[in-house]
Amino acid sequence: MSIPVINIHDADSFSNRPGDSRRFGAQIAPLTASLGMAGLGAMFVTVEPGRRAFPFHNHLGNDEMFIVIEGEGTYRFGDQDFPVKEGDICSAPRGGPETAHQLINTSGKPLKYLGISTLNDPDIAEYPDSGKFAAMGIAPGRSFAEAHMKYVGRRDDAHDYWEGEEL
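Numbering of the sequence shown is given in our numbering, commencing with residue -19 and proceeding in unit increments.
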């Protein structure tokens, strides 16, 4: 059952650190499913010192916004870097690699922010640093990890439209 009020500090969270990564590490607390919302996404993110929560990426179908609650860091946006601190709001409109974004904790203390997004489904995300993309269909209340359909790959992995079809 959903509730109309949740405190970000009491929300259930999970670790977003792949293996023993020294580059990525954060606690992610999804918020909107508990609040019963299906058209707007929100998560409370706590990034470990010197790390990032997510790879540098852009969305072709969704807008995002980040509100820095505590700490300092760098907001990578397109080909520019911006220093950020408590109270700053970072825009990440949908678009190509020129709107790719990533928050990096450049301090010795946790960087905490609220991430808010539209939830247009399906979506495609591009990862300019690694040359990958992800195509995903995510049912309401589900996460990227629980996507109904998800493909992460590179463009050169593509197949011909007719391949494997009985002609």
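Even for Gly, the Cβ is constructed at its ideal location relative to N, Cα and C.
Bounding residues of the beta strand (DSSP E) (the contiguous stretch that carries SER14): Per DSSP, SER14 belongs to no beta strand (DSSP E); it is in the alpha helix (DSSP H), 12 to 15.
Using only CA atoms, which one of ILE104, SER110, MET23, CYS70 lies nearest to GLY76? ILE104
May I ask you to verify whether the stretch 50 to 65 touches the stretch 1 to 10, counting CB pairs closer than 8 Å and requiring at least 3? no
How would you call ASN85, buried or exposed, if buried means at least 16 neighbouring beta carbons within 10 angstroms? buried
Name the one or two DSSP bridge partners that ARG32 has. PHE4, ILE84
PRO(-2), DSSP secondary structure in three states: coil
Residue environment, LYS92, which counts as buried when at least 16 other CB atoms sit within 10 Å: buried
Which of helix, strand or coil DSSP assigns to GLU78: helix
Are the stretch -16 to -6 and the stretch 3 to 17 in contact at 8 Å, needing three or more beta carbon pairs? yes
Work out the CA separation of THR79 and PHE34 for me, nearest whole Å. 15 Å
Write down the C-beta distance between PHE50 and PRO90 rounded to the nearest angstrom, noting that I regard them as a contact closer than 8 Å. Per the sequence presented here, residue 50 reads as Glu, with Phe not at that position. About 7 Å; that satisfies the 8 Å criterion.
Could you check the C-alpha separation between HIS37 and ASP(-10) for me, to the nearest Å? 28 Å
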